[in-house]
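Quick note, the sequences are listed as chains D and F, same order.
Each step along the first sequence adds one to the number in the numbering used here, with nothing skipped, and position 251 is 251.
Each step along the second sequence adds one to the number in the numbering used here, with nothing skipped, and position 204 is 1204.
Every residue, glycine too, gets a C-beta built ideally from N, C-alpha and C.
Just so it is clear, the structure is predicted and the values come from calculations on it, not from any experiment.
Below you'll find the structure, written out as structure tokens, and then a few comments.
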Amino acid sequence: MEFFLVTTLNSLSYGLLLFMLSSGLTLIFSMMGVLNFAHASFYMLGAYFAYQTSTYLGFWPALVIAPLAVAFLGALTERYGLRTVHRYGHVAELLFTFGLAYIIEEFVHLLWGRAPVEYKIPEILDFSAFSIFSTQYPAYRVFMMLMSVGMLACLYLVLTRTRIGLIIQASLTHPEMVEALGHNVPSVFMTVFAGGAALAGLAGVIGGNAFVTEPGMAASVGTIVFVVVVFGGMGSLAGAFIASLIIGAVQTFSVAFDYSLATLLTGLGVQLNTESAWYELWKVTIAQAAPVLPYILMVLMLIVRPKGLMGTREG
Amino acid sequence: MTPILHWKRLALWSGAAALMIVLPLVFSQSFAISMMSQMGIAIMFALSYNMLLGQTGMLSFGHAVYFGLGAFFSAHALNMIGAGTLGLPVTLLPLIGGAAGLAFGVIFGYVTTKHSGTPFAMISLGIAEMVAACSLMFPSFFGGEGGISTNRVVGEAVMGIDYSSAREVYYLIAGWCFVCMIAMFALTQTPLGRMANAVRDNAERARFVGYNPTRVRYMMLMLSSFFAGIAGGLAVVNYELVTSESVGVVTSGNVLLMAFIGGVGHFFGPIIGAILVTFMQSALSNYTLAWLLYFGLFFLVMILFAPGGIASLVTLHKHAWHAGQMKRLVAPYIAAGASGFVLLLGLIGVVEMTYQVETKKEQAGTLMNLFGFAFDASTAQPWIVAIATMAAGSLLLWGASRLVRAGWHDVTVAINAQRGA
């Protein structure tokens, strides 16, 4: 029970973090048709910028400065990169962001080295918020959840209750009409791209110190975020939300289980030893298989329901 | 359309064959031979990749899966040949790789090719990640961190060839490479190859003509994974080692870079890309730790300014050359080249100094040597020089790019005038 509650809370905070990333990705995708490969790189930059800022100014200024800096980079990327390659088609756009991810990783190597940096949780949040039976639950995790939920509430309100949000929604489906009504659609695109980058940056700021800030973090989270977006349905925010929580739970829970098919078979009375056929497959524990599970889920989803959980379009 | 056995085409292919035979006799140093072997493998891999991206319009981020799995199966087959449980000449080993690649193409292709465009790209990446993660889960097949090592000098020597020397391996690779090149080229001339182009350009119309785009994509993916598997099998013969890196995302990205830099719109584009990228990787990595950064920047510049790759630049200039208009471009190109060189010098200065100060300081200090100048990277002066060089280079390049544009404008006008006359 104790284990279950703690792991549920952990998976919730991780899932919300995933959603901060996948919401930006899926918004950018549904608006511009661009799958942003560099999205997770913005997450990484957010963490590194926050680390650098926090060494001079502390955590709280970093919480504001780092996402803004990432948003600025995102705006530059859209204005001078993506808009230029847009006329060459979607493949070129995709490849551009792919190349950008490559370069950002190398820049991080260049500036901060290959080893993880010491980006720590601020002392003021380094206490236990409450205890579940005997486990002290860290306050920082609670802070993460509050931040993500607050951020997502803001996102929802901006998208549905403000003028710019309505223009964004309209530009998703009818860009020509919106343009004809006198709105500057390219600048809306730039805003959305910068906003998505800022969300990713913020996720980096609050996730970088909870997990680890290292040059590989973009690659490891990036593909998971892709899985989330495919699983939830391309371009669907609600789908991305559910998928984030599911994938977050799968990843968090699976590392804790030390059972394998061999355990099950032995329990059923089947004798297994190293000579048995497929022995390696049987003895793989769920914890060992944890890195593969999200991808297997994705492939299963594609076989059963190719457009994803809540997706409306297919390919 | 040129007939398939036109004399020009025959001359081109025989020329390529002759070149592949003569090259190791001219460049006989061992590093040159090993680099040419790598190039041969890269050419096959990049061409097989271009069957997807260039010919069918499928952007895959997981092509290394077929290459790597082909390599692992070949490595195990080679070990079995060594143990005497499998009677197969080493010369035919790549067929095992090809068969393995094909088998996995049949399995994964069934799931992936139901989609096209961006979803296909994402799913191919997901599959690649899945296989890469699996490769660390099953150490008895994938060899864990160390990989599977093997020995190629096994089995009966056929006509005295036992692959104990690097040159014999080169000729094995070159032979397979040539055969595969012809096969892949011939495929572009078949109805399937033509339908693949139709599916790439407009899948809906292809469906209207009576073809199923999903099936065309599936068949192209299977064939392409077959050739990728052959390349994987040859990689095993060449390196006598295969690690889980070869199914990894980095390898997939690499082949994408090769095909794209070379030019996906032309059959010969990926060949140029494979040769150039392999050369850059082995040459640059000797000189600087930041070579991946330079390489990535080169890739971005190509996407922004030459999205058709080097092959498209070649065909672009062929028109100007035939019209006798190259002379208008010589001066602007010299200007652009010179200013680009200045910009590059400044950029290299900044990057290398950053590296020295940020990451190499502990071991090597801040004293460094670049382009024959010795200086201390912790002082301001070299930074000012490098940044000023960069700024000057950017300004000059901006001016030169206007010259180039004006030159091309004149060329187009002149060509149109010639056509009109």
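If you draw a 10 Å sphere on the C-beta of Ala-1374 of chain F, you find fewer than 16 other C-beta atoms in it, and that means exposed. Residue-level contact check: Gly-204 of chain D does not touch chain F, since none of the beta carbons of chain F fall below 8 Å from its beta carbon. In this structure, the CA atom of Val-225 of chain D is about 7 Å from the CA atom of Leu-18 of chain D. When the beta-carbon positions are compared, Ala-71 of chain D and Gly-207 of chain D stay at least 8 Å from each other. In this structure, Phe-1226 of chain F places its C-beta atom within 8 Å of the C-beta atom of Gly-1105 of chain F.
For Thr-8 of chain D, the uninterrupted alpha helix (DSSP H) run begins and ends at 2-32, by DSSP.
Look at the region 282-307 of chain D: the residues with a C-beta under 8 Å from a C-beta of chain F are Val-284, Gln-288, Ala-289, Pro-291, Val-292, Tyr-295, Ile-296, Met-298, Val-299, Leu-302, Ile-303, Pro-306.
Interface annotation for the region 216-238 of chain D against chain F: Ala-219, Thr-223, Phe-226, Val-227, Val-229, Val-230, Met-234, criterion Cβ-Cβ distance under 8 Å. Distance between Phe-3 of chain D and Val-85 of chain D, taken at the CA atoms: about 50 Å.
A straight-line Cα-Cα distance of about 15 Å links Ala-47 of chain D and Ser-148 of chain D. For Ala-249 of chain D, not one C-beta of chain F is nearer than 8 Å to its own C-beta.
For Leu-1125 of chain F, the neighbours in chain D by C-beta distance under 7 Å run, in chain order, Thr-223, Phe-226. Scanning chain F for C-beta atoms nearer than 8 Å to the C-beta of Thr-84 of chain D yields Leu-1304, reported in chain order. Pairing Ser-131 of chain D with Tyr-140 of chain D, the inter-Cα distance amounts to about 14 Å. At least one beta carbon of chain D lies nearer than 8 Å to the beta carbon of Cys-1134 of chain F. Beta-bridge partners assigned by DSSP to Thr-213 of chain D: D:Val-117.
Taking a C-beta distance under 8 Å as the contact criterion, Leu-202 of chain D and Met-145 of chain D do not qualify as a contact pair. When C-beta distances to chain D are compared with 7 Å, the residues of the region 1093-1117 of chain F below that value are Val-1111, Lys-1114, His-1115, Ser-1116, Gly-1117, in chain order. Using a 10 angstroms sphere on the CB of Val-1351 of chain F, the tally of other CB atoms reaches 16 or more, which defines it as buried. A contact between stretches requires three or more CB pairs, one per stretch, nearer than 8 Å, and the region 80-95 of chain D fails this requirement with the region 210-219 of chain D. When DSSP states are grouped into helix, strand and coil, Pro-175 of chain D belongs to the helix group. Between the alpha carbons of Ser-1224 of chain F and Ala-238 of chain D lies a distance of about 37 Å.
When rounded, the separation of the alpha-carbon atoms in Gly-1147 of chain F and Ala-1132 of chain F is 13 Å.
Rounded to the nearest angstrom, the gap between the Cα atoms of Ala-1306 of chain F and Ser-1312 of chain F is 8 Å.
Taking 8 Å as the cut-off, the Cβ atoms of Gly-1229 of chain F and Gly-1070 of chain F count as close. Pairing Val-1236 of chain F with Ala-1017 of chain F gives a Cβ-Cβ distance that is not under 8 Å. Among the CB atoms of chain D, one or more fall inside 8 Å of the CB of Val-1351 of chain F.
Taking a C-beta distance under 8 Å as the contact criterion, Phe-231 of chain D and Gly-182 of chain D do not qualify as a contact pair. With a cut-off of 8 Å on Cβ pairs, the region 1134-1149 of chain F is in contact with the region 1233-1252 of chain F, counting three or more such pairs.
Close CB contacts of Gly-222 of chain D within its chain, under the 6 Å cut and outside five residues either way in sequence, are with Ala-40 (chain order). Taking a contact to require three or more Cβ pairs closer than 8 Å, the region 1054-1062 of chain F and the region 1192-1210 of chain F qualify as touching. For Phe-1108 of chain F and Ile-1127 of chain F, the gap between their C-alpha atoms comes out near 8 Å.
Taking a beta-carbon distance threshold of 8 Å, Glu-176 of chain D does not count as an interface residue toward chain F.
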